[in-house]
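K.L.:
In this note's numbering, the protein residues as written are 18 to 286.
The following block contains the structure, expressed as structure tokens.
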């Protein structure tokens, strides 16, 4: 299901669409998604930072070897038959977080997406003002800091020299977080947040506690004093922990100085 959602969005927006991944367009993202499932020797660099250069070379080779429409359809089709995630149930379980985060990387970087909303948009403590420096994706993507230049770029029409663009791409206006399709997966996302949060806030000098707003639930992600509470639905908490600070619709609660320390600290998976 999430594979289809992400593939449809890649196709709709076109190769030149910006993403929340610094330096990446939708074309880069599509090449990354295909490489992680089809190029075995690129795998170690997805999780070991020192080997990430190998993965980057594989992604560039994948991009050169296929047009953008080919990459999108290769991703939609799924991995080769020998790959465990070829089975739909395994695919959904293994790739839930990966595909959700990358879907939002596309959706929320697109012109017309409304990052403001009911989770305290007028409160200066709400994340969504600036991106942090972030760090490398577990999946092997680039750092998750803001790509302000990328966000200023209009969504491509799907054309472009050598891009193999798709007709019909372009800015989609009026998007907002209320359109999130994460509700059915929120419990699974919440269950994943502990591990992701421990990694995402490992450099934080203060404590971090997550509180979900769709149901009762609190998680300590960094055990230190003082602590800041990050409040929102599980999917938004995940995005914040991954390093998508400005795109995540969460509220930060705590001593103003502690909140400032958290906002200024590097974090991201």
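Every residue, glycine too, gets a C-beta built ideally from N, C-alpha and C.
1. Since residue 247 is in the beta strand (DSSP E), which residue starts that stretch and which ends it?
2. Hey, out of 252, 92, 221, 203, whose CA is closest to residue 242's CA?
3. By the three-class DSSP mapping on this structure, what secondary structure does residue 273 have?
4. Drop a sphere of 10 angstroms on the beta-carbon of residue 274, count the other beta-carbons inside from all chains shown, and report buried for 16 or more, exposed for fewer.
5. Using alpha carbons as the reference points, say which of 33, 260, 208, 270 lies closest to residue 282.
6. DSSP beta-bridge partners for residue 42?
7. So, helix, strand or coil for residue 51, using DSSP?
8. Under three-state DSSP, which class holds residue 94?
9. Can you grab the Cα-Cα spacing for the pair residue 210 / residue 115, in whole Å?
10. Could you tell me the distance, in whole angstroms, from the CA atom of residue 54 to the CA atom of residue 120?
11. Tell me whether residue 278 sits in a helix, a strand or coil according to DSSP, three-state version.
12. Mind checking whether residue 225 and residue 244 have CB atoms under 8 Å apart?
13. CA-CA distance, residue 84 and residue 278?
14. What are the boundary residues of the alpha helix (DSSP H) that includes residue 216?
15. Buried or exposed for residue 87, going by 16 or more other Cβ atoms inside 10 Å?
16. Thinking C-alpha only, which one of 111, 268, 50 is nearest residue 202?
17. For residue 216 and residue 255, I'd like the C-alpha separation in whole angstroms.
18. Thinking just about the alpha-carbon of each residue, which of 250, 19, 56 is nearest to the one in residue 74?
P.N.:
Reading off the structure:
1. 244-249
2. 221
3. helix
4. exposed
5. 260
6. 35
7. helix
8. helix
9. 13 Å
10. 17 Å
11. helix
12. yes
13. 44 Å
14. 203-217
15. exposed
16. 111
17. 11 Å
18. 56
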